[in-house]
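Before any comments, here is the structure.
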DNA sequence: ACTCTGCCTCAAGACGAG
DNA sequence: TTGAGGCAGAGT
DNA sequence: CTCGTCC
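Residue numbers (the numbering used here): 1057 to 1391.
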């Protein structure tokens, strides 16, 4: 009716999702991408995977970060306007949830490990729904499994292709690992590759066009050392300069905003606020259990592993050959 | 033996009643 | 729509 | 689990 249509989907998303996380012992820290407004919002959902932070049980309990941008594509083309962002921030403020605005929150996957995140949780986004168990990648174990030190690991990741440098074509997981192992460090690897390339060029000159694109070519401009420094000395704003405290929610403020202004159901809002204050004040003993579906519906092949300290999943170097006759049921139906 | 590219599939909200 | 993972087939 | 509401 008079209610302003279905606005505030974004607020609902933030509100309920945040409560849900808090209930499960996760203290979210929202990271807003301080990018031009145009950047499609949908992309941001990907950032969900960004929440790789260290969510140990009670241990490091304090540090938990979550990058997230809610919006969903509800009713198609839901643009995240500046207003939406501002409202979200306002909401978070009232909820007592900290947030920061950054420029380029980099990566996902491996990169986070190179930034020394002790633990990386992958597939958080869709693991619940699908069979994929949430994988927990432990940095120490990964290093152990790869038998390399942090420096080498970082270099390996750079070789594999990070977000800051062009990947070197022709070098995949296998070669990268092999190269690093053989040469010990990226510098030597690059040198090696360049020599090879140079040799080829000479050959090409003499022979006048043989196999011009022989092998792996390292771009002329490939400042991997800088990239490495960046990984080792991440960025600009030291964690200490960022204030991240989870305070009690401003209940009346929330009511005013969500109920009065946005037409939310007051009971729900208050109920949610209760949960927030309750869990934020309590020593959160919660853990990820319960936040995720811990039971595989049809019991696939492996046990689940929502637990921690399980396996140190190695990165790419572990390929399994899976034959499994082609289940080619591809239908070429296009729309 | 590896790597790359293209194609297909999946999911993107939460909660509660029945 | 978008992005990500999985797979198959081609290319080096 | 499916479905309808929330706003």
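Note that the Cβ used here is the ideal one computed from N, Cα and C, for glycine as well.
Query	Result
For residue 1242 and residue 1173, what's the separation of their Cα atoms in angstroms?	22 Å
Smallest Cα separation from residue 1303: which of 1070, 1083, 1205, 1276?	1083
Hey, quick one: how far does the beta strand (DSSP E) through residue 1191 stretch, first residue to last?	1191-1194
Quick one: residues in its chain with C-beta nearer than 6 Å to the C-beta of residue 1318, no 5 flanking neighbours on either side, listed in chain order?	1064
Could you tell me the boundaries of the beta strand (DSSP E) in which residue 1216 lies?	From DSSP, residue 1216 is part of no beta strand (DSSP E) but of the alpha helix (DSSP H) over 1206-1217.
Determine the extent of the beta strand (DSSP E) in which residue 1221 is found, giving its start and end residues.	First-last for residue 1221: undefined, no H or E at that position.
Which first and last residues belong to the alpha helix (DSSP H) in which residue 1310 is found?	1307-1310
Does residue 1316 pass the burial test, meaning 16 or more other C-beta atoms within 10 Å, or should it be called exposed?	exposed
Could you give the DSSP three-state label for residue 1287: helix, strand or coil?	helix
Does the Cβ-Cβ distance between residue 1236 and residue 1280 come in under 8 Å?	no
In this structure, how does DSSP classify residue 1171 when only helix, strand and coil are distinguished?	coil
Output needed for residue 1248: all residues of its chain with C-beta closer than 7 Å, excluding positions within five of it in sequence on either side, in chain order.	1239
Work out the CA separation of residue 1155 and residue 1085 for me, nearest whole Å.	5 Å
Using a Cβ-Cβ cutoff of less than 6 Å, which residues in the same chain neighbour residue 1178 once the five nearest sequence positions on both sides are dropped?	1191
How long is the line joining the alpha carbons of residue 1305 and residue 1335, rounded to whole angstroms?	11 Å
How big is the Cα-Cα spacing for residue 1130 and residue 1066?	Reliability of the predicted coordinates at residue 1130 is poor, the pLDDT of 42 falling under 50, and the value obtained from them is presented with this limitation in mind. Going from the Cα of residue 1130 to the Cα of residue 1066 covers about 10 Å.
Tell me the residue span of the alpha helix (DSSP H) that contains residue 1078.	1065-1079
Name the one or two DSSP bridge partners that residue 1157 has.	1088
From this set, 1169, 1152, 1244, which residue's C-alpha is nearest residue 1198's C-alpha?	1169
Flag this pair as yes or no: are the beta carbons of residue 1078 and residue 1252 separated by less than 8 Å?	no
Output needed for residue 1313: all residues of its chain with C-beta closer than 8 Å, excluding positions within five of it in sequence on either side, in chain order.	1146, 1147, 1150
Are the CB atoms of residue 1210 and residue 1221 nearer to each other than 8 Å?	no
Indicate whether residue 1232 and residue 1202 have their beta-carbon atoms separated by less than 8 Å.	no
Straight-line CA distance for residue 1143 to residue 1074?	15 Å
Can you give the Cα-Cα distance for residue 1141 and residue 1244, rounded to whole angstroms?	47 Å
Buried or exposed, going by whether 16 or more other CB atoms sit within 10 Å of the CB of residue 1157?	exposed
How long is the line joining the alpha carbons of residue 1321 and residue 1072, rounded to whole angstroms?	13 Å
Alpha carbon to alpha carbon, what distance is there between residue 1228 and residue 1111?	Below a pLDDT of 50, predicted positions are generally treated as unreliable, and residue 1111, at 30, falls in that range; the measurement from the model is reported next regardless. Cα-Cα distance, rounded: 31 Å.
With residue 1307 and residue 1329 assumed to form a contact (beta carbons below 8 Å), what rounded beta-carbon distance in angstroms separates them?	5 Å
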